[in-house]
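Quick notes on the structure that follows.
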Amino acid sequence: MVVKVVTDSTSDIPAEVARELEIAVVPLYIHFGNEVYQDGVDLSADEFFHKLVTAPELPKTSAPSAGAFIESYERLAAETDEIISIHISTKLSATYNAALLGKGGIKTRCRVEVIDTLSASIGLGLLAITAAKAALAGANLDKITAMISQAIPKTHYFGMLDTLE
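299 is the number of the first residue of the sequence shown in the working numbering; add one for each residue after it.
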């Protein structure tokens, strides 16, 4: 059985890449005032950036629930008995903790390894893509977990802003 890969929407993996590599993406929530969106589900990146410059206040985010992870893990456990769940840094979000709670809540017998990447955005996305490619090539969960753990301290990313506003 192929190891399944789960990540969160902060990974910024394009939907077509996630589909091609069979990566399950659990969305975070984005709050613009009283409006709440699931990242990448009912708010695209283009819509997000448009709202970012036009909304009267800056957005806030919130982690997915443990239930969202339980649902994802249970669905994937019907196809495999090994899942690696790779997430945004615990220094930036409670997503990792929700994934751990989700791991503890699954009823199906399936081994789930939850990884804090200490990263975000495409730094996280590249780690998830690396894991998915290794899984599709036949690597087992232990090998993928070791590979990602070794890659985390070597993963760096930089960002640029158009303005400091």
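Beta carbons: idealized from backbone N, C-alpha and C, even for Gly.
The distance from the Cβ of Ile386 to that of Thr453 is about 13 Å, inconsistent with a contact at the 8 Å cut-off. Under the three-state reduction of DSSP, Lys431 is assigned to helix. Remark: C-beta atoms of Ala392 and Val324 do not approach each other more closely than 9 Å. When only Cα atoms are considered, Ser447 and Glu333 end up about 37 Å apart. Rounded to the nearest angstrom, the gap between the Cα atoms of Leu434 and Val339 is 25 Å. At the C-beta level, Thr305 and Ala444 stay beyond 9 Å of one another.
Annotation for Tyr394: the continuous alpha helix (DSSP H) segment containing it runs Thr393 to Gly403. Residue pairing for His385: DSSP places it in a beta bridge opposite Asp414. Distance between Glu372 and Ile328, taken at the CA atoms: about 25 Å. Under a 10 Å Cβ-count criterion, Leu462 is classified as exposed, with fewer than 16 other Cβ atoms of the shown protein chains found around its own Cβ. Residue environment: Ala316 is assigned as buried (16 or more neighbouring CB atoms within 10 Å of its CB, all protein chains considered). Judged by DSSP secondary structure, Ser360 falls within the beta strand (DSSP E) whose first and last residues are Lys358 to Ser360.
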